[in-house]
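One structure is given below, encoded as structure tokens.
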Amino acid sequence: MMSTIIALIVAAVTFGTVLMYGTLGEILTEKSGNLNLGVEGIMYMGGAFGLAGAFYYEKAAGAAASGPAAIIIAILAAFAAGMAASAIYSFLTITLRANQNVTGLALSIFGTGIGQFVGEFMRVSEGGYVALSNNLKEAFSATIFPKVFVNIPVIGNILFSHTVFFYLAIVVAVLMYLFLKKTKWGMYLTAVGESPSTSDAAGINIVKYKYLATIIGGGISAIGGMVYIMTTAGCVWNHEGLSGVGWLAVALVIFCMWRPLNAIWGSVLFGAMMIMYLRVAIPFIPTELYKILPYIVTVIVLVLTSMKNSRDKQPPASLGNNYFREER
Amino acid sequence: MAAEKTPLIRLAKRTEMKRSSMWMIRVGSILVALLLGCLPMILTATNPFSAYGVIIQGSLSRPVYLKQTIRTAIPLLGCALAIAPCFKMKFWNIGAEGQITMGAVAATYFALFWHDRIPHVPLLLIMAFTAAIAGGLWALIPAFFKARFNTNETLFTLMMNYIAIGIVAWLQGGPWEGRKGSQLIPMFSDSARLPTVFGVNCGWIIALVLVVLMYIYMNKTKQGYEIAVIGDSVNTARYAGMNVGWIIMRTMFISGAISGIVGFIIVSGANFTLYSGVADGVGFTSITVAWLSQLNSFAMIVISMILAVLEKGSNTLQTRMSVPASIADIITGILLFCMLSCEFFINYKLIFRHKENKEEGV
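This is how it looks when you write it as structure tokens:
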């Protein structure tokens, strides 16, 4: 029983890490008032380009390829892909004032297309199979803590057995929290998302904040796609597994109430709900039905927050609306 | 000094633009998109001309291909019609995927359990009717909360998609499973299948009738006018004495009902069975169809055909030139980006600093 629970938690964290990047990126984006529905596409691109980065690095370096270098290259490749994708979104919605919903959906279609294209193209051009060597695979799924810690009974596995990406995600979450709550720029960003016209009148450069938050946010989300491909999917392109993850991240943002620290436990909880059907069989409830649990929970949270109407638990007030200075 | 403070480029809203030049810009942006679509082909060493040639050939050159293309276009068109009134109202319904799925569930129920008791035509009518009700009710849930508590409809309708898909996945492996362990719902009997007209299921007739009906509804009726007013300004609608919440719910019900009918057409006209991927992204793609056509019913026929040609043609492209079929998604995405950007140039004009200085004689 104990070992089942531990295995469940470890698996939940593995999948939760993927969600955590997606969610954190989207929180930063939405804080600026941009509802980027393209997370699905961004994560596909992150996954495909992250894999491509690591794969071609190993191909170039041969036997000399080192794990940490591959990890860094994969992160950078995914981050760059995500930044490029959300730069398109930003240009269209901020500068050209296109509708955010439609632009986000377009980015979803475009990004999943690009991700699939790159993944498929790599497979075809490399003769049917793209995979990293076992050495590098090991590096992506290994923990950063020494064996001694992992071997501590119970908590060893729960706390110290995860990949480097999990700990990095926590660092990102904490930094984002500090940025939003403790720095001037974070406050400005929040103000932009709440009321662009007021911030504009106060002399804040709206365009700059929206661009930066959306582009960096997209980069962070993309890392999530890469983490999925390199850990859960075992370093091969797997678009079926990745589909829907981006949308789940959008749902999680609501569940977390736009707070980065909530994203840590929120994504592990959602991760648990998504993989629970593989690990524990609850009698009388069919597995397919509790796969939809995360979505039902999100709907309930969404409804409750709108009913309560409490001030601190609302989406950024301008979320989804573009700001036209000339239109008052 | 003053010149330095003027930004390099300023924007001004265009007051009026000739219809012809508006459509010139739009057609131009489609051409730009097709040019940009060459980029991924060139990067993967494929000749773009022959690639586009194969896409056209593989989707239109033979009656068989053309029929398949039309079969792809029907749900896109139907669903775009469903989405149009919501978007006109600025209610961002991205839950068509789920509404299609629930419509398909209702239709499948009658196809599976009543096909031996009800004759052909009444059975189809019952299937269509219940599909419409199921889709409408599914859409009504988020609409109710939007009207009552102003709950964010974009995120709500999105979540409803996954719940609907999950329900089908459960039916598929549970109560409606055909052969035990197959995870498949049995195929419909002949009496639950749509008849074909000119070799394509008669869904195309339903879709074309809906085009006309939706055009009349949006442009010639009081309800259509109310939707347009709410889309422009909720406050104006309130001052005019409209019951905004009621109109939102009514419109969403109609929208969901049409999506439900699309679900019925898909299961009884094309797949003849139900599975969790029944909507297959149609709900999302049709949003882009609706938006690209500027919510104009007749333009949707053209746009849905263009997207269907891309989708069908790129499958041929994959088998013939081993270019991944996802090129269709890339080109669709680029097409959307270009169409979205071109609206900017229709609505605004750019004023450059340099030009203005001359005008002022500085």
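Quick note, the sequences are listed as chains A and B, same order.
According to the numbering used here, the first sequence is numbered sequentially starting from 134.
According to the numbering used here, the second sequence is numbered sequentially starting from 7.
Where a beta carbon is used, it is the ideal one built from N, C-alpha and C, also for glycine.
These numbers were taken from a predicted model, which means no experiment stands behind them.
According to DSSP, B/V206 shares a beta bridge with B/V203. For the alpha helix (DSSP H) assignment, the uninterrupted runs of no fewer than 4 residues enclosed by the region 361-418 of chain A are, from N- to C-terminal side, 372-375, 378-388 and 393-412. A direct Cα-Cα distance of roughly 42 Å separates A/L240 from B/V127.
Neighbourhood of A/P449 in chain B, by CB distance below 9 Å: empty, with the nearest CB roughly 11 Å away. Contacts with chain A (Cβ-Cβ distance below 9 Å) from the region 315-332 of chain B involve Q324, S328, V329, P330, A331 and S332, listed in chain order. The C-beta distance from B/M306 to B/V217 rounds to 7 Å, short enough to fall under 8 Å.
Nearest to A/I425 by alpha-carbon distance, out of B/F135, B/A170, B/L280 and B/R20, is B/A170.
Assignment of B/I267 by DSSP, reduced to helix, strand and coil, places it in the helix class. Neighbourhood of A/G149 in chain B, by CB distance below 9 Å: empty, with the nearest CB roughly 18 Å away. Residues of chain A whose Cβ lies closer than 8 Å to the Cβ of B/W98 are, in chain order, N234 and G453. Interface with chain A (9 Å Cβ-Cβ cutoff): B/N241 is excluded.
In the DSSP assignment, B/K186 falls outside any alpha helix (DSSP H) and carries neither an H nor an E.
Note: B/L164 is not bridge-paired with any residue in the DSSP secondary-structure output. Exposure of A/L311 is indicated by the presence of fewer than 16 other C-beta atoms within 10 angstroms of its C-beta.
Taking the C-beta atoms as reference points, A/L238 is found no nearer than 9 Å to B/I89. Of all residues in the region 170-183 of chain B, only G172, A175, W176, G179 and G180 place a beta-carbon less than 7 Å from a beta-carbon of chain A. Counting along the chain, A/L152 sits inside the alpha helix (DSSP H) bounded by residues M135 to K164.
With a cutoff of 9 Å on beta-carbon distance, B/V284 and B/I106 are scored as near each other.
An exposed status is given to B/M30, since fewer than 16 other beta-carbon atoms sit within 10 Å of its beta-carbon. Just measuring C-alpha positions, the residue of B/T257, B/G104 and B/F259 sitting nearest B/G287 is B/G104.
Chain order gives no chain A residues near B/F150, where near means a beta carbon separation below 7 Å; the closest approach is about 10 Å.
Listed in chain order, the positions of the region 315-338 of chain A with a beta carbon within less than 7 Å of a beta carbon of chain B would be empty, since no residue qualifies. Exclusion of the five residues before and after B/L17 leaves Y354 as the residues of its chain whose Cβ lies within less than 6 Å of its Cβ.
Neighbours of B/I191 in chain A, taken as residues at a C-beta separation under 7 Å, are lacking, since the least C-beta distance is about 13 Å. A/A302 and A/T150 do touch by the CB rule: their CB atoms are close to 6 Å apart, below 8 Å. Within chain A, no C-beta atom comes nearer than 8 Å to that of B/I61; the closest sits roughly 14 Å away. Sequence-distant partners of A/E327 (beyond 5 residues in either direction) whose C-beta falls short of 7 Å from its own C-beta, in its chain, are P449, A450 and S451.
Here the alpha carbon of A/R392 sits roughly 7 Å from the alpha carbon of A/I160.
A/I337 carries a coil assignment under DSSP once its states are collapsed to helix, strand and coil. Here the alpha carbon of A/F273 sits roughly 6 Å from the alpha carbon of A/M363. Excluding its 5 nearest sequence neighbours in each direction, B/L301 has C-beta neighbours in its own chain below 7 Å: A90, F93 and K94, listed in chain order. Here B/F358 carries a strand assignment [DSSP, helix/strand/coil]. Of all residues in the region 424-439 of chain A, only K424, I425, Y428, I429, T431, V432, L435, V436 and S439 come within less than 7 Å of chain B when Cβ atoms are compared, listed by chain position.
B/Y168 and B/I147 have their alpha carbons spaced roughly 14 Å apart.
Nearest CB-CB separation between A/G246 and chain B: below the 9 Å threshold. Contact check for B/T52 and B/E317: beta-carbon distance about 18 Å, past the 8 Å limit, so the pair fails to qualify.
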